[in-house]
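>
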Amino acid sequence: VFELDYRDMVKQNRRQHLRNIFRQAGLGAMQAIALERGAKERIARATAQAMERARVMMERQEMERRLMSREEEQGRRVDELRRRMVEKPERDFQERGHRLFQQAIARMAYAHPSIRRLHWKRAWVHTSLDESLTAQVRDPASGALRLFRLQICQFDEDTSAMVNELSRWQDVHHYAVMKVHHASCYHSPLVGPSNGENLGDVRGVAVISSFCPGGQLA
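Going by full-length UniProt numbering, the residue at position 32 of the sequence shown is 32; the numbering climbs one at a time, nothing skipped.
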């Protein structure tokens, strides 16, 4: 009887030991699952935080780029406005000189071919008092640069006297004197653009002379 009781006790101890082992294994598995779940949650939070920081940094960089681009655009606009302010007087001067040149050529209906074939280059001198003009032009026949001087006169005697004086200089060859290639006067009526009314006459003298680079005109 004692031996049977001992055997039963051993069996019960073994069963209890196995139950403890299984219980510990179950607890270990549950702890491992909990630890893995916690690790996954920490990884997910760290990933979300890293993505949020990256998003904030990208938005900040994008905002900085936009501000820099806006500042650069504003700087370019300011520079363009300054450049236009500096260039506007010279551009207006050249545009007015070109208009005066075209008007003069259009009015000289019977002008000499030496005048009508000239190509505009740039204005040198013109005033707002009258339509007198000094401009740099190119002669397409020779390809040489010339000075075109248009002097507006009030009386026919002035144009005749000026042409006579210039004719005396056409045959002068001197290093300090610009050679006069051509000089002629013209007389053109002014007609109103709307009603054709006679607004008076325009008298002028056109002079073509050699171009002196680096020289100054009075």
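From the three backbone atoms N, C-alpha and C, an ideal C-beta is built for every residue, glycine too.
With 16 other CB atoms within 10 Å as the buried threshold, where does G200 fall?
G200 should be labelled exposed.
> Assess, as a yes-or-no matter, whether the stretch 133-142 is touched by the stretch 103-122 under the definition of 3 or more beta carbon pairs within less than 8 Å.
With the cut-off at 8 Å, the stretch 103-122 and the stretch 133-142 touch.
> Please state whether the Cβ-Cβ distance between A135 and F155 is less than 7 Å.
The answer is no: Cβ separation not under 7 Å.
> Let's test the definition: count the other Cβ atoms within 10 Å of the Cβ of S209 and tell me whether it reaches 16, buried, or not, exposed.
By the neighbour-count rule (16 or more Cβ atoms within 10 Å), S209 is buried.
> What is the rounded straight-line gap between the Cα of R66 and the Cα of R53?
One C-alpha to the other measures close to 20 Å.
> Excluding the five sequence neighbours on either side, which residues of its own chain have a C-beta within less than 7 Å of the C-beta of G215, listed in chain order?
With a pLDDT of only 48 at G215, under the threshold of 50, the placement of this residue in the model should not be trusted; the figure read from the coordinates follows. Closer than 7 Å at the Cβ level, and outside the excluded window around G215, lies no residue.
> Beta carbon of M162, beta carbon of V202: below 7 Å?
Contact: no.
> Return helix, strand or coil for residue 220, following the three-state DSSP convention.
The displayed coordinates of the chain run from 1 to 218. Any statement about residue 220 would go beyond what the structure contains.
> In or out: A48 buried (at least 16 other Cβ within 10 Å) or exposed?
Answer is exposed; the Cβ neighbour count stays below 16.
> Let me know the alpha helix (DSSP H) ranges lying completely inside the stretch 95-145, each 4 residues or longer, listed in chain order.
The qualifying runs are 113-116.
> Have a look at R55 and M63 and give me their C-alpha separation to the nearest angstrom.
The straight-line gap from Cα to Cα measures roughly 12 Å.
> Tell me the residue span of the beta strand (DSSP E) that contains D201.
198-210 is the span of the beta strand (DSSP E), which, as asked, contains D201.
> Tell whether a beta-carbon distance below 7 Å holds between L133 and L166.
Cβ distance not < 7 Å, so L133 and L166 don't count as in contact.
> I'd like the span of the beta strand (DSSP E) that includes S184, first residue to last.
Per DSSP, S184 belongs to the beta strand (DSSP E) from 180-191.
> Using a 10 Å radius around the Cβ and a threshold of 16 neighbouring Cβ atoms, would you call L150 buried or exposed?
Per the 10 Å Cβ criterion, buried.
> From A106, E131, R107, G97, pick the residue whose C-alpha is nearest to that of W124; which is it?
Selected option, being the one with the closest Cα: G97.
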